Amino acid sequence: MKFRIALTAAATIALAACGSTEDASTEVEADTVEMPADEALTGIEETPVADPAANTEPAPQVTSPSEEVQIQEAGDSAADTAAAAMDAMSEDSSN
Numbered sequence: 001m002k003f004r005i006a007l008t009a010a011a012t013i014a015l016a017a018c019g020s021t022e023d024a025s026t027e028v029e030a031d032t033v034e035m036p037a038d039e040a041l042t043g044i045e046e047t048p049v050a051d052p053a054a055n056t057e058p059a060p061q062v063t064s065p066s067e068e069v070q071i072q073e074a075g076d077s078a079a080d081t082a083a084a085a086m087d088a089m090s091e092d093s094s095n
């Protein structure tokens with residue numbers, strides 16, 4: 001038992017001796033996702049400017065009746081295709 005304690009203590013001291021002698025107070029900068037952005041902006045002197053049109057509502061799109069009919073037909077066609085696919089899948093699983 002004493003041998004195991006002595007061996008463990010020696011191993012602990014040996015591992016501690018392998019550590020770095022650098023002072024913990026040296027300047028260290030943690031890697032973050034913002035570092036590449038900070039590096040890219042180092043030479044820029046301008047400051048950001050607020051865009052007054054950034055939060056405005058877009059103009060509503062006016063669709064003609066023929067466009068609405070085309071959209072409705074496309075939706076109906078997609079629904080029919082999905083229903084046919086579901087029917088085909090249910091027939092395959094029942095066989």
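Quick note: the sequence shown uses the UniProt record's numbering, first residue 1, plus one each step. For glycine and all other residues, C-beta sits at the position ideal for the given N, C-alpha and C. Keep in mind it's a predicted model, so treat the numbers as computed, not measured.
| query | F3 CB to nearest chain B CB: under 8 Å? | reply | Reference to chain B is not applicable here, since this structure consists of a single protein chain.
| message | Suppose you measure from the CA of residue 146 to the CA of M86; what does that come to, to the nearest Å? | response | With the chain represented from 1 up to 95, any question about residue 146 goes unanswered, as that position is not in the structure.
| field | M35 - containing alpha helix (DSSP H), residue span | value | 35 to 40
| query | Using DSSP with H/G/I as helix, E/B as strand and the rest coil, what is G43? | reply | coil
| task | Give me the Cα-Cα distance between E67 and A78, rounded to the nearest whole angstrom. | result | 17 Å
| field | Span of the alpha helix (DSSP H) around A10 | value | 2 to 17
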